[in-house]
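Since the structure comes first, as structure tokens, the remarks are kept for the end.
Protein chains: 2
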Amino acid sequence: MMKQISAARAFGGTQFVFAHASQVCACDMTFALYLPPLPAGAKAPVVWYLSGLTCTHQNVMDKGEYRRMAAELGLAIVCPDTSPRGDDVPDETDNWQFGKGAGFYLDATQAPFARNYNMASYVRDELPALLAASDLPLDMTRQSIFGHSMGGHGAITLALKNPERFRSVSAFAPIAQPSTANWSRPALEKYLGADERAWRGYDSTLLIADSHSIRELLVDQGTADPFLDNGLRPWLLADACKAAGVHLTLNMREGYDHSYFFISTFMDDHLRWHAARLR
Amino acid sequence: MMKQISAARAFGGTQFVFAHASQVCACDMTFALYLPPLPAGAKAPVVWYLSGLTCTHQNVMDKGEYRRMAAELGLAIVCPDTSPRGDDVPDETDNWQFGKGAGFYLDATQAPFARNYNMASYVRDELPALLAASDLPLDMTRQSIFGHSMGGHGAITLALKNPERFRSVSAFAPIAQPSTANWSRPALEKYLGADERAWRGYDSTLLIADSHSIRELLVDQGTADPFLDNGLRPWLLADACKAAGVHLTLNMREGYDHSYFFISTFMDDHLRWHAARLR
């Protein structure tokens, strides 16, 4: 099922890259998996990291600096791609906010995108089933999820809709309300159609008001992030959490931008947050 | 003199990229500089990291994972490019072991390379003078140097020839004896000419025998490094150090390869080694 693309020893564990034929995305998909050093017979809890616009599995693998702390805490880190891939997948090559690299962790309903753009089902169902069926020492009964930007939106929405699956959720600079942000509205319309009621299931702030399925949320956000005011707007998340009684830890980080220089700085904090809730 | 290309906050400090017109390389050059958080009025000691074949300043900036520990230890990290750059610089575009990305930290003597390929002078003289003349809070009286592969060779040779400049030196998987390694002999001949006596000044093992200018050396080397037997050969370094009375700490790291997964794993150890000697 899974084909090993590469394996490299790192911090006493192994950084893998695997590829496999995806049914729900109707294409070959690639993902990164870090396996920490483990005692014989032990299995690692699984933390999912969802990346942002334009990324593949590789950006966080190269620049996220998660391995040292994941090794120390005994966490496996799974980093999926951000969209279906391949020449047969419809795309807008001049638009970095839609199509390949911009799957928005939803299941598209509109032609011609519905055939491939099913990243919600991919992350929720297909990839975990593939991992569970593998011989990797992963404890699939203990999972958490986090992500960056579009992937922060993905992590929060998946956690809200699958509280039995994820013990904790956090985000770096998430898109708080994609249904109203200028940079995501066109994508949601193309993937899900013009009826905005269909978008509600993929909007963190609206889902929080609806679901009451999580108790707490950790978010780090840089104050020098160029997307802060128009794309990200964490205050909308703060309002939604307050109204729904969700305890939000929102750390506004002075002078930090939207890059992996920001993410890597606070990676340890997020991994510790998840590890404490996976014990 | 220096033009700031980018600056991003990271681990409480700032990751800069600068460009400038280089006299000794007769082209524009780019380098990365990490400045740790510092008390008001303080200056950071400077640790030079020299990269390997095919790299620019960016590979270690993205994948080296040096910022967390550099911030903790208060070290500035300077990462130069590995060769002159630009359309006017002679190159062999199909050869990754020569030309652009493969400057070997030497001063070429042969046409047409001698005009641009002067990375020894660049790292030894020009770039430190540029930094010293800047308003960056750098303590140029305290410097150390390390590097990877071709950059490990560069670090060791520069340290051996400039003991007054570098308080400590270390390397990840250095090319121990470039004058005899198959993958570097053709480059040395093209840069320095057929007379091998001219190569001696750029060969770590031969310089150690000649100079007696350093007392100790830290080297980490992965046992699964595909270049170990033909390109790197740390046992030649061990022999040279033993004969010259240099205390070599050679850590053979089981299962590690030649990549930044290896380098990042042992980055903390090397930064601590240098910090202890820069105090």
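One line per chain: the protein sequences are A and B, in this order.
Counting from 1, position 205 in the first sequence corresponds to residue 205 in my numbering; the numbering is continuous, with no gaps.
Positions in the second sequence are counted from 1; adding 279 to them yields my numbering.
Even for Gly, the Cβ is constructed at its ideal location relative to N, Cα and C.
**Study point:** chain B residues whose Cβ lies nearer than 7 Å to that of residue 255/A
**Key:** 288
Check your understanding: Hey, is the stretch 283 to 298 of chain B in contact with the stretch 369 to 389 of chain B, meaning 3+ C-beta pairs nearer than 8 Å?
Key -> As far as the Cβ criterion goes, the stretch 283 to 298 of chain B does not touch the stretch 369 to 389 of chain B, which means the pair count is below three.
Exercise for review: Counting only the same chain and skipping the five closest in sequence on each side, list residues whose C-beta sits under 8 Å from that of residue 112/A.
Suggested key: 90
Exercise for review: Using the DSSP secondary-structure output, state which residues sit across from residue 45/A in a beta bridge.
Suggested key: Looking at the DSSP assignment, residue 45/A forms a beta bridge with 139/A.
Point to revise | Backbone CA spacing between residue 262/A and residue 288/B [nearest angstrom] | key: Counting only the Cα atoms, residue 288/B lies some 7 Å from residue 262/A.
Practice item. Can you tell me the Cβ-Cβ gap for residue 105/A and residue 157/A, rounded? I've got them flagged as a contact below 8 Å. Key: 7 Å
Check your understanding: Listing by chain order, which chain A residues have their CB less than 8 Å from the CB of residue 342/B?
Key -> 62 and 63
Exercise for review: Please name the residue or residues paired with residue 30/A in a DSSP beta bridge.
Suggested key: 19/A
**Study point:** Closest Cα partner of residue 271/A within the set 236/A, 22/A and 76/A
**Key:** 76/A
Exercise for review: Under the assumption that residue 171/A contacts residue 219/A (Cβ atoms under 8 Å), give the Cβ distance between them as a whole number of angstroms.
Suggested key: About 5 Å separates the two Cβ atoms, so the contact holds.
Exercise for review: Using a Cβ-Cβ cut-off of 9 Å, state whether residue 49/A counts as contacting chain B.
Suggested key: no
**Study point:** DSSP bridge partner residues for residue 170/A (one or two, in chain order)
**Key:** Looking at the DSSP assignment, residue 170/A forms a beta bridge with 146/A and 218/A.
Review point. Do the CB positions of residue 216/A and residue 184/A come within less than 9 Å of each other?
Key: no
Review point. What is the DSSP secondary structure of residue 304/A, reduced to helix, strand or coil?
Key: Any answer about residue 304/A is impossible in this case: the structure gives chain A only from 1 up to 279.
Practice item. With a threshold of 16 other CB atoms inside 10 Å of the CB of residue 398/B, please say whether the residue is buried or exposed. Key: buried
Exercise for review: Could you tell me whether any Cβ in chain B is nearer than 9 Å to the Cβ of residue 221/A?
Suggested key: Judged by the 9 Å Cβ criterion, residue 221/A is not in contact with chain B.
Review point. Considering only the beta carbon of each residue, do residue 32/A and residue 18/A sit closer than 9 Å?
Key: Going by C-beta atoms, residue 32/A is nearer than 9 Å to residue 18/A.
Exercise for review: Could you check the C-alpha separation between residue 444/B and residue 252/A for me, to the nearest Å?
Suggested key: 42 Å
Check your understanding: For residue 536/B, does the three-state DSSP call read helix, strand or coil?
Key -> coil
Practice item. Could you spell out the range, first to last residue, of the beta strand (DSSP E) harbouring residue 84/A? Key: Counting along the chain, residue 84/A falls outside any beta strand (DSSP E), and DSSP gives it neither H nor E.
Point to revise | Beta-carbon contacts of residue 246/A that lie in its chain and below 7 Å, excluding the five residues immediately before and after | key: 208, 214, 215, 216 and 217
Exercise for review: Go ahead and pull the three-state DSSP assignment for residue 492/B.
Suggested key: Here residue 492/B carries a coil assignment [DSSP, helix/strand/coil].
Point to revise | For residue 204/A, the three-state DSSP class (helix, strand or coil) | key: The answer is helix: DSSP assigns residue 204/A an H, G or I state.
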